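Trainee: In our numbering, the protein residues as written are 1142 to 2047.
The structure follows.
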């Protein structure tokens, strides 16, 4: 550790020495002095320009090849936080025990009809399970045979007892139609139903049967097929009801690819689209889940960042072109960007090796910051040329004058970024390292590549007519009064912002960073509205069944907990009594359907005549329910349509097929009900068991919150309450709270460290309390105003836009250093506003605003908020540098003059 700090100390004292030499020699000295370190570097680069440019081209090409072949992109938000933290260790251990809950798809199947939803869901599950090379596991408890076969055991005892009684009541009718499953048998069934109708109320299953028969016959009349679902009679369903259930899919993730979930995501979307097309809009299938969300987020980040990078480059080029006094001065800045970016990219490949959702913005970061160095040295070069110096002497003088300030800015800005490497916020730490390296690349290129490029520009180019805007002239008295007033207002606003600081908060929910218009996010919000527990459930690991049972009972006693799901939740209560009721059906229902072939058309038509008469008799024998009368009237009207269609020669065989094709399903269901065994851990379905018990016998408890946790504070209350019972609880709520705390702490720690580093460096180099205050105070004001704006405009900090803090510190310090040092250099000989330094600060700020402003247009909410907050912060910083800082300098100069006059009087 000693040598790096020793080298850093030497660098600081070298900067201070060169700065002091520059101040002393200046224009006041008439004795020519040899170039300082920066001047000598610029001189060598200018003289050997061809070799310098060739070396940069070679290094840029090598860096680009290295980066494109080695840099990977990691979309896992969890990896942006250090894995060594306790809550991250708990989550990693949970994913290790239950890997099927890591990077999954969540499919939501929704329909108005239970059978439509079940049919689509079964097709979806079967299609997914046929692709084991793309999907490891498909878990759909609502569709698995186990729960469908044993589902009646989960009914309340009273409801199950009533259902068993109803089945026994209609048992003769079921056996009758099983023995004669044809149209004449159907007519006899309706006729026999008269004897089962109570005088005061019709059985609900009989009303349901009449309604279902009516729908099947209506479909046949319309040349459609809607098989009669006999199992609905047992369920006692009184009409279509919305059905909604979820399917969890564990896709095969290939992390060697840029988009690890691309292949399974494409396949699941194809299957969904095929099912939607076949379902004619009857079924709605939504896709979300961690893997799907990350894949779409990667797509939006890559598209948004690439587009922002291109637009930034164009916009920065235009700003420089309009801002530079000569057109040819744009060329060195653009070449620095074009060759410096691959070097920064290669540096990222060598140091980090991967990019995350935060560090990827180094693309626009380098464009915005890298060009600043070229702007300062080229503008100073032009200033020297205007004063009559030759090309070589001008570039040497420009490097001598700006070199110390640029070096100091490099040191302070890179340290501001590197302070994040000392925190647990891995995402920002990686960006800090890459950005810090980019700053150094930009500085070295500014004193080597820029002079070399200027040397290759023909001399005749310099004779191009200058632009009218050549500098910011001496301010008039009116502007000085306005500046005084604006500075006072700014100071008051900063003091007011102090009261907003307690309301500054960090939004740690990763869903708020994603493209809110993407299909996966829309599906996620749909799940949040209907089943918030599916995404906000906490996960608790217990070592055995007894501990799991005890923990589940204690957790359910909490006010913030709605329920706790674990393997024991799939063992029904009062099983012995329920099984006893169901066993009453054993041997009472026919086991098979006696299909004997289609009846003749004459027999079929006769059966319908008989059926219509039976319905009339059934209606006359029943007086208690208007609902029953309506159902019978509708069926009689439909029968009339059936008879008319049959009279045109349409065969009745297809209608007979629709009426009886699902009858075997009813008999199979009743047989299964009558022979159902009690459920225990030993005979539990293996898929359900694997979901709640791991291979190492860890038992998973899923803790469902009572509220949707959308309101501020509810999430933290839920997590703290659950962890009071289970200290190692994990899951999405714990991850969100833990990440928010880590990032908030990292921001505070890194900002304080960066400020301390900057103050130490400024103290060692400037050695003037007044100058240090002038450099730091505008930055403090800008920071306070920014915090106030985040509260006023409701733009909370998040994983992405926290980059604004080190950037504000770095850019603010850079601009202040350039302004203060140029003021010291002039020694009051002329107004600094008449020099190129204010113009350089404006161009630098505008290029940074332009480069980061393009991020505001990104579809990715996190990247967009980053651009939004950066534009706000940079505008505030520019205001403080060009309005507040000059006024502060004016006040200090007035104070110095007054002190000097007072001393003379004495």
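Each residue gets a CB set at the ideal place from its N, CA and C atoms; glycine is no exception.
These figures come from a predicted structure and were not determined experimentally.
#1: Express the C-alpha separation of residue 1532 and residue 1605 in angstroms, rounding to a whole number.
#2: Look up residue 1425 in the DSSP assignment and say whether it is helix, strand or coil.
#3: May I ask you to report which of helix, strand or coil DSSP gives residue 1430?
#4: Can you tell me the Cα-Cα spacing of residue 1656 and residue 1462, whole angstroms?
#5: Does DSSP classify residue 1952 as helix, strand or coil?
#6: Within 10 Å of its beta-carbon, does residue 1963 have 16 or more other beta-carbons around it, so buried, or fewer, so exposed?
#7: CA-CA distance, residue 1540 and residue 1913?
#8: Looking at the structure shown, is residue 2048 part of a helix, part of a strand, or coil, going by DSSP?
#9: Can you check which of these residues, 1332, 1982, 1887, 1448, is closest to residue 1954 by C-alpha distance?
#10: Taking 8 Å as the CB-CB limit, is residue 1238 close to chain C?
#11: Going by CA-CA distance only, name the one from 1733, 1872, 1210 that's closest to residue 1806.
#12: When the distance is taken between beta carbons, is residue 1594 closer than 8 Å to residue 1476?
#13: Is the distance from the Cβ of residue 1575 to the Cβ of residue 1489 below 8 Å?
#14: Among the residues of its own chain, which have a CB less than 6 Å from the CB of residue 1996, if the five just before and after it don't count?
#15: Starting from residue 1706 and walking both ways along the beta strand (DSSP E), at which residues does that stretch end?
#16: Does the stretch 1842 to 1856 come within contact of the stretch 1668 to 1684, defined as at least 3 CB pairs closer than 8 Å?
#17: What are the partner residues of residue 1388, as DSSP defines its beta bridges?
#18: Would you kindly report the start and end of the unbroken alpha helix (DSSP H) that includes residue 1328?
#19: Would residue 1621 be called buried (16 or more neighbouring beta carbons within 10 Å of its own) or exposed?
#20: Can you give me the C-alpha to C-alpha distance between residue 2030 and residue 1998, rounded to a whole angstrom?
#21: What first and last residue would you give for the alpha helix (DSSP H) that runs through residue 1194?
#22: I need the DSSP call for residue 1963, collapsed to helix, strand or coil.
#23: In terms of alpha-carbon separation, which member of 1431, 1632, 1705, 1628 lies closest to residue 1665?
#24: Return the first residue and the last residue of the beta strand (DSSP E) that residue 1300 is part of.
#25: On the CB-based measure, 16 or more other CB atoms within 10 Å of its CB, does residue 1811 come out buried or exposed?
#26: Does DSSP put residue 1505 in a helix, in a strand, or in coil?
#27: Would you be able to state if there are at least three C-beta pairs under 8 Å between the stretch 1248 to 1256 and the stretch 1223 to 1231?
#28: Would you mind giving the Cβ-Cβ distance between residue 1708 and residue 1871, rounded to the nearest angstrom? I have them listed as a contact below 8 Å.
#29: What number of angstroms, rounded off, separates the C-alpha of residue 1372 from the C-alpha of residue 1388?
#30: At a cut of 8 Å, does the stretch 1477 to 1486 reach the stretch 1420 to 1429 through at least three beta carbon pairs?
#31: Three-state secondary structure (DSSP) at residue 1653?
#32: Checking 8 Å against the spacing of the C-beta atoms, do residue 1946 and residue 1892 come in under that value?
#33: Give the secondary structure of residue 1680 by DSSP, where H, G and I count as helix, E and B as strand, and everything else as coil.
#34: Quick one: what does DSSP say residue 1730 is sitting in, helix, strand or coil?
#35: Am I right that residue 1276 and residue 1269 are in contact with their C-beta atoms under 8 Å? What's the rounded C-beta distance?
#36: On the DSSP bridge list, what partners appear for residue 1276?
Mentor: Considering the structure as presented:
#1: Annotation note: pLDDT 41 at residue 1605 (below 50); position unreliable, no value reported.
#2: strand
#3: coil
#4: A direct Cα-to-Cα measurement between residue 1656 and residue 1462 gives close to 34 Å.
#5: helix
#6: buried
#7: 23 Å
#8: Because the chain is modelled from 1142 through 2047, residue 2048 falls outside the range shown and cannot be assessed.
#9: 1982
#10: Absent here is chain C; the protein component of the structure consists of one chain.
#11: Closest by alpha carbon: 1733.
#12: Contact flag set, yes.
#13: Result yes, Cβ atoms of residue 1575 and residue 1489 sit closer than 8 Å.
#14: 1449, 2004, 2007, 2008
#15: Residues 1702 to 1706.
#16: yes
#17: 1248
#18: 1324 to 1333
#19: exposed
#20: Straight-line measurement puts the Cα of residue 1998 at about 38 Å from the Cα of residue 2030.
#21: 1190 to 1211
#22: helix
#23: Minimum Cα distance to residue 1665 is reached at 1431.
#24: Here residue 1300 belongs to no beta strand (DSSP E); instead the alpha helix (DSSP H) covers 1298 to 1320.
#25: buried
#26: DSSP places residue 1505 in helix when its eight states are reduced to three.
#27: no
#28: That pair is no contact at about 18 Å.
#29: Between residue 1372 and residue 1388, the C-alpha separation is close to 24 Å.
#30: Below 8 Å, too few C-beta pairs join the stretch 1477 to 1486 and the stretch 1420 to 1429 to call them touching: fewer than three.
#31: helix
#32: yes
#33: strand
#34: coil
#35: Yes, residue 1276 and residue 1269 are in contact; Cβ-Cβ is about 5 Å, under 8 Å.
#36: 1392
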